[in-house]
Structure formats: C-alpha cells, structure tokens
Amino acid sequence: ANTMKGHNFLTLLDLSPEEITYLLALAAKLKADKKAGCEVPLMTGKNIALVFEKDSTRTRCAFEVGAADQGAHTTYLGPTGSQMNKKESIKDTARVLGAMFDGIEFRGFAQESVELLADYSGVPVWNGLTDADHPTQTLANFLTLAEQLDKPLSEVTFVYVGSGQCNMCNALMAGAVKLGMNFRLVGPAEYFPEGSFVEACKAVAKETGATVTWTDDVAAGVKDADVIYTGVWVTMGDPYELWGERIAQFTPYRITSDMMAMTGKAQTKFCHCLPAFHDTHTQVGKDIFERFGLDGIEVTDDVFESEQSLAFEEAENRLHTIKAVMVATYGDYPLK
Ligand code: CP
Numbered sequence: 002a003n004t005m006k007g008h009n010f011l012t013l014l015d016l017s018p019e020e021i022t023y024l025l026a027l028a029a030k031l032k033a034d035k036k037a038g039c040e041v042p043l044m045t046g047k048n049i050a051l052v053f054e055k056d057s058t059r060t061r062c063a064f065e066v067g068a069a070d071q072g073a074h075t076t077y078l079g080p081t082g083s084q085m086n087k088k089e090s091i092k093d094t095a096r097v098l099g100a101m102f103d104g105i106e107f108r109g110f111a112q113e114s115v116e117l118l119a120d121y122s123g124v125p126v127w128n129g130l131t132d133a134d135h136p137t138q139t140l141a142n143f144l145t146l147a148e149q150l151d152k153p154l155s156e157v158t159f160v161y162v163g164s165g166q167c168n169m170c171n172a173l174m175a176g177a178v179k180l181g182m183n184f185r186l187v188g189p190a191e192y193f194p195e196g197s198f199v200e201a202c203k204a205v206a207k208e209t210g211a212t213v214t215w216t217d218d219v220a221a222g223v224k225d226a227d228v229i230y231t232g233v234w235v236t237m238g239d240p241y242e243l244w245g246e247r248i249a250q251f252t253p254y255r256i257t258s259d260m261m262a263m264t265g266k267a268q269t270k271f272c273h274c275l276p277a278f279h280d281t282h283t284q285v286g287k288d289i290f291e292r293f294g295l296d297g298i299e300v301t302d303d304v305f306e307s308e309q310s311l312a313f314e315e316a317e318n319r320l321h322t323i324k325a326v327m328v329a330t331y332g333d334y335p336l337k
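Per the UniProt record's numbering, the sequence shown starts with residue 2, numbered consecutively.
Structural data, given as structure tokens:
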C-alpha cells in the first residue's frame with residue numbers, strides 16, 4: 002500500500018524499507034506503462050515548482066518529463082532565476098511557492114534549505130540533490146540493479162569507491178542499509194564516512210541485517226562486489242583548485258579494468274550517477290589529461306564503455322523513479 006501520500010521526500014532515511022520497495026515497484030510499473038502507451042495520469046492540473054541552485058541535466062529533465070507524462074505543469078527556477086536565498090529568505094520563498102504550487106523540487110547546497118522549504122511551504126517537497134544527499138539517484142540505481150542483477154537487492158554486495166564524505170555515498174548508504182545490503186566504502190582513510198548521518202545508517206543496519214564497512218585496501222574492499230559505484234572527485238560548487246590534491250589522494254581508487262577484475266566476478270556491474278569524466282571530451286577531462294596525464298579521471302573509458310557499465314540504464318531510470326516519487330505523493334497508481 003502507498004503510505005507516502007502528502008509526504009516530503011528529503012532523504013531515504015525517512016522512508017521505511019516497505020516504502021522504498023513500493024517506490025521501486027511503482028517506478029517499474031510506470032516505466033512499463035509508458036513504454037506500452039497506457040500510462041495513467043494522476044497529476045492532471047498539478048503545478049510543480051523546480052527550484053535549482055545548481056545546474057542539472059538528468060534531474061531537471063526527469064522532473065519535467067515525468068510531470069508532463071502525468072498531466073502536470075512545471076515552472077523552472079534556475080540558479081539565477083529567483084529571489085530565493087538572495088533578496089528573499091528560504092522561509093519567505095517557501096510560503097510564496099507553497100501558496101501557488103502543489104509540490105516543490107529543490108536542488109542546492111545545504112540540506113537545511115530543502116528542510117526549510119518543507120517546513121514552511123505547506124506542500125510536499127522533493128530533494129533533487131543537496132551537499133548531504135541525493136535520494137532520487139539512489140532510487141534510480143536500485144531500480145537498475147533490480148532489473149539487471151539475478152539476486153534480490155537484500156543480497157547485493159554494494160561497493161562505493163571514492164569519498165565517503167559526499168552526497169552520493171550518503172544517499173547510497175542510506176538506501177543500502179534500509180534494504181539490508183552489504184555496503185562497503187573503499188577510499189582514502191581521510192575521507193571515511195563520519196557524523197550523525199553515518200551513525201543513523203549504522204542504527205538502521207542493525208535493524209535490517211545490513212552491513213556497513215569501510216577500508217582503504219582496494220583488493221579487500223572490492224572482493225566479491227556485485228556493484229562498483231563511483232562519482233566525480235570534485236563536485237559541483239567545489240573550487241576547481243581542489244583537483245590537484247584530489248588527483249593525488251584518489252588516483253589509487255580510480256575504476257580500471259584491473260580493479261573490476263579484482264572482484265573475482267565477471268558479472269560485477271559498474272555504476273556512475275553521471276556526469277562522468279571518463280575521457281578527454283570535456284574541458285575538465287582535457288585539463289586533467291594535460292596536467293596529470295590521466296586519460297579518464299574517476300573511471301577509465303574502457304570500463305565506462307564496457308558491457309558491465311549501467312551508467313545510461315541508471316540515467317534513464319531517473320525519469321521513472323522521480324515520476325514514482327511524485328505520483329506516490331498524490332495518489333494510488335494501479336500496480337496491477
Ligand atoms: N546525476 C545527476 O544528478 O545528474 P544531473 O546533475 O544532470 O541532474
């Protein structure tokens with residue numbers, strides 16, 4: 002049953018395992034119905050605000066296309082497109098948007114910002130990425146794994162390689178412990194996860210039977226992995242100057258075909274939230290190649306383009322899972 006009507010979607014830590022499983026089933030049904038041309042619109046006449054303090058391709062498009070498929074209308078407020086957090090507080094903007102819209106998506110820097118919007122708008126608020134979390138990305142990843150792996154999600158050994166102090170690691174850890182997975186972080190010791198979010202994840206793991214561990218030892222950390230996931234080493238909003246030190250710290254943790262072979266499983270999947278620096282076809286990729294000789298930064302091109310890579314399957318599933326989050330907020334979609 003759908004228990005998320007009228008609720009916010011700020012972090013997967015707020016959802017029960019049953020609610021996450023429901024959203025994945027709903028996303029699979031919405032995906033199948035869209036492809037079969039028989040999707041049922043449950044959001045006709047709804048007005049959705051899309052507030053982006055940071056740019057986006059996938060998240061923005063998934064909310065816009067998902068809302069349009071469901072009969073809703075969206076208004077995009079980009080990084081320079083509103084008064085929020087400049088001439089007007091988030092608290093005041095929340096009350097204005099809440100009076101005009103039926104739901105608000107927010108992407109930005111502070112988790113506190115999305116929480117303020119939820120506290121003061123009076124309408125459901127969905128987190129489209131903050132510095133602390135990226136819950137819609139995790140749903141897209143889990144739908145992809147459910148489609149591609151030949152085992153239940155609760156039996157998956159999920160290895161995140163990179164920084165344990167980033168939104169993507171937090172978001173995946175939160176989802177993994179809720180669903181009872183074996184979650185490992187492999188990366189430099191100075192970037193191991195810490196703080197209240199991690200403590201909350203560990204407490205959930207005790208209830209669900211999940212495991213959460215971290216190591217700086219690549220061989221031990223990736224052994225038996227069903228999934229190896231990574232993200233960029235310098236994220237949106239971080240200063241460009243960070244690249245020098247991050248290259249020095251993270252190069253032992255870039256995903257290569259040698260690392261994929263170290264899992265001992267030919268069928269290990271590679272996942273990435275995108276955008277990815279896997280070749281020199283971006284300005285950053287070109288700069289890093291010229292400065293440090295790295296052709297492909299966090300992942301090499303051969304792994305990114307391999308049959309094991311699910312990067313674009315996950316990108317497509319941003320649409321179906323984000324649509325599921327919105328639809329579950331408003332009604333009971335027929336699952337049969
Ligand atoms: N992965 C992700 O959030 O992509 P966008 O920044 O393009 O939304």
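Backbone N, C-alpha and C define an ideal beta-carbon position, used for all residues, glycine too.
As for any alpha helix (DSSP H) of minimum length 4 sitting wholly inside the segment 114-197, the runs are 136-149 and 168-179, ordered along the chain.
In the three-state reduction of the DSSP assignment, threonine 58 falls in the coil class, being assigned neither a helical nor a strand state.
Taking C-beta atoms as the reference points, phenylalanine 102 and valine 115 fail to come closer than 8 Å. For glycine 79, the secondary structure class from DSSP, reduced to helix, strand or coil, is coil.
Classified as buried, lysine 270 has 16 or more neighbouring CB atoms from the shown chains inside 10 Å of its CB. Taking the Cβ atoms as the reference, leucine 78 lies roughly 12 Å from phenylalanine 64, outside the contact range of under 8 Å. Between tyrosine 230 and leucine 173, the gap from beta carbon to beta carbon is short of 8 Å. By the Cβ test, the segment 294-303 is not in contact with the segment 42-49, since fewer than three Cβ pairs between them sit closer than 8 Å. Ligand 1 never approaches cysteine 167 closely enough for any of its heavy atoms to be under 7 Å from the residue's Cβ. Within 7 Å of the C-beta of threonine 58 there is at least one heavy atom belonging to ligand 1. For arginine 108, the secondary structure class from DSSP, reduced to helix, strand or coil, is strand.
Scanning Ser83, Ala201, Cys39 and Phe251 for the CA closest to the CA of valine 162 turns up Phe251. When only Cα atoms are considered, asparagine 142 and cysteine 272 end up about 8 Å apart. Counted as a single uninterrupted DSSP element, the alpha helix (DSSP H) harbouring threonine 94 occupies residues 91-101.
Placement of the Cβ of arginine 61 at a distance of less than 7 Å from at least one heavy atom of ligand 1 is found.
When DSSP states are grouped into helix, strand and coil, asparagine 3 belongs to the coil group. With contacts defined by Cβ atoms closer than 8 Å, lysine 179 and valine 213 do not form a contacting pair. Within its own chain, the residues whose Cβ lies closer than 6 Å to the Cβ of aspartate 333, once the five positions on either side in sequence are excluded, are Asn3, listed in chain order. At least one heavy atom of ligand 1 lies less than 7 Å from the C-beta of glutamine 138.
Closer than 7 Å to some heavy atom of ligand 1: that does not describe the Cβ of cysteine 170. Only residues of its own chain outside the window of five on either side were considered, and among them Val187 have a CB closer than 8 Å to the CB of aspartate 218, listed in chain order. Annotation: the segment 217-261 contains the following complete segments of the beta strand (DSSP E) (minimum length 3 residues), in chain order: 228-231. In this structure, the C-beta of cysteine 274 approaches ligand 1 to less than 7 Å from one of its heavy atoms. In the DSSP assignment, the residues bridged to isoleucine 49 are Thr75 and Gly104.
Here lysine 270 carries a strand assignment [DSSP, helix/strand/coil]. In the DSSP assignment, glutamate 19 falls within the unbroken alpha helix (DSSP H) covering 18-37. In the structure shown, valine 41 adopts coil according to DSSP, grouped into three states.
Contact between the segment 16-25 and the segment 69-83 is absent: fewer than 3 CB-CB pairs across the two stretches fall below 8 Å. A distance below 8 Å separates the beta carbons of methionine 327 and alanine 68. With fewer than 16 other beta carbons inside 10 angstroms of its own, proline 253 counts as exposed.
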